[in-house]
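To keep things clear, I will list the structure first and then write my remarks on it.
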Amino acid sequence: MRKWMLVWALWAAGTAAAQQLGTNYRLKRVIPVEGRQGVAADADYYYVSGSTALYKYAKNGELIACNERPFEGLPLPANHIGDIDVWNGEIYAGIETFVDGRGEHIQVAVYDADSLKWRRSIDWNADSGQVEVCGLAVDRDRGKVWMADWVDGRYLYEYDLASGRYLRKVHLRPVPQWQQGIFMAEGRMLLSADDGDADLDEADNLYIADLRDGGSAATVLPFRLMDDFRRPGEIEGLAIDPATNDLLVLSNRGARIVLGMPRGFYPGYDRELHELYVYERID
Ligand SMILES: [Ca+2]
Ligand SMILES: [Ca+2]
67 MRKWMLVWAL WAAGTAAAQQ LGTNYRLKRV IPVEGRQGVA ADADYYYVSG
117 STALYKYAKN GELIACNERP FEGLPLPANH IGDIDVWNGE IYAGIETFVD
167 GRGEHIQVAV YDADSLKWRR SIDWNADSGQ VEVCGLAVDR DRGKVWMADW
217 VDGRYLYEYD LASGRYLRKV HLRPVPQWQQ GIFMAEGRML LSADDGDADL
267 DEADNLYIAD LRDGGSAATV LPFRLMDDFR RPGEIEGLAI DPATNDLLVL
317 SNRGARIVLG MPRGFYPGYD RELHELYVYE RID
């Protein structure tokens, strides 16, 4: 291969993998899914987490595979999966035991994206101050993984992907209320927050924090009001599709949520619906 071809091939591979953020998104599709917690995407598939399961979907919404026993073999007790990410053929899941609004036994569990089987886990550093894991995000450019905390949302926690070592936390100012999912692109963190009260028909929100300066604190800015969901409910995980740069946001509707746990249904619903909202970038 000529040198310029090699350089071009490396450049093309690099740009194809890097998600890019837009400033304005338009809803193009809603896909019913099984899981109520998180979403991730690679070039060919969507991955969805339920509280106790992992699902793999073709991008037309067809269910391809599932693992309904994802805690088998894990080194710590577990009953809850939050938002997930996928990178280099592996699914990263923030896992814990979650009971009545509090988490314990936090771990980053890594699964094979083909078989959905568990491979290994990255240990939580309890001294970091993190008390819950609602979601995580891989920083593809820097080889890091970040965890967010729904109970005490003041900080995001950074770990090294290769060694699993805890590195630092970043102070969010202001703190979004009831964070759910996070996703990192171009050094900036997108956060979903379940800050709209579904009892009052309030929409939930996405926020963005620029972490590129490496500082101990980051300013959180509004990114998008999610007022185009079919009914205000519980916003969950989010991701950017690396093939299309579509914004993917999971949301639940129909169930009344108290302290993070479903407690009965709103009028007109006899079950909770889980939907993947697919947004195309328009600028
Ligand atoms: Ca969640
Ligand atoms: Ca809400």
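Residue numbers for the sequence shown follow my numbering, beginning at 67 and rising by one.
We put the CB at the ideal spot given by N, CA and C, even for glycine.
Asked, Found
"Run the proximity test for Cys132: is its beta-carbon closer than 7 Å to any non-hydrogen atom belonging to ligand 1?", "no"
"Taking 8 Å as the threshold (C-beta atoms), are Asn311 and Glu338 in contact?", "no"
"Does the segment 132-146 come close enough to the segment 294-302 to have 3 or more Cβ pairs within less than 8 Å?", "no"
"Count the other CB atoms, across all protein chains shown, that sit within 10 Å of the CB of Gln246; report buried if there are 16 or more and exposed otherwise.", "buried"
"Should Gln246 be listed as close to ligand 1, given that the test is whether its C-beta is under 7 Å from any heavy atom?", "yes"
"Among residues of its own chain, excluding the 5 on either side of Glu252, which ones have a beta-carbon nearer than 7 Å to its beta-carbon?", "Gln86, Leu87"
"Tell me which residues share the same chain as Leu256 and place their Cβ nearer than 7 Å to its Cβ, disregarding the 5 neighbours each side in the sequence.", "Ile248, Phe249, Leu272, Ile274, Phe289, Leu304"
"To the nearest angstrom, report how far apart Ala109 and Gly281 are at their CA atoms.", "32 Å"
"Grab me the residues of Val315's own chain with a C-beta within less than 6 Å of its C-beta, minus the 5 sequence neighbours each way, in chain order.", "Leu304, Tyr343"
"Assign Pro333 to one of two classes, buried (16 or more other C-beta atoms within 10 Å of its C-beta) or exposed (fewer than that).", "exposed"
"How close, in whole Å, do the beta carbons of Lys122 and Leu182 come, if the pair is a contact with beta carbons under 8 Å?", "6 Å"
"Relative to the C-alpha of Ile150, which candidate in Glu162, Val114, Pro136, Pro242 has its C-alpha closest?", "Val114"
"Confirm, please, whether the CB-CB distance from Ile348 to Tyr91 is below 8 Å.", "yes"
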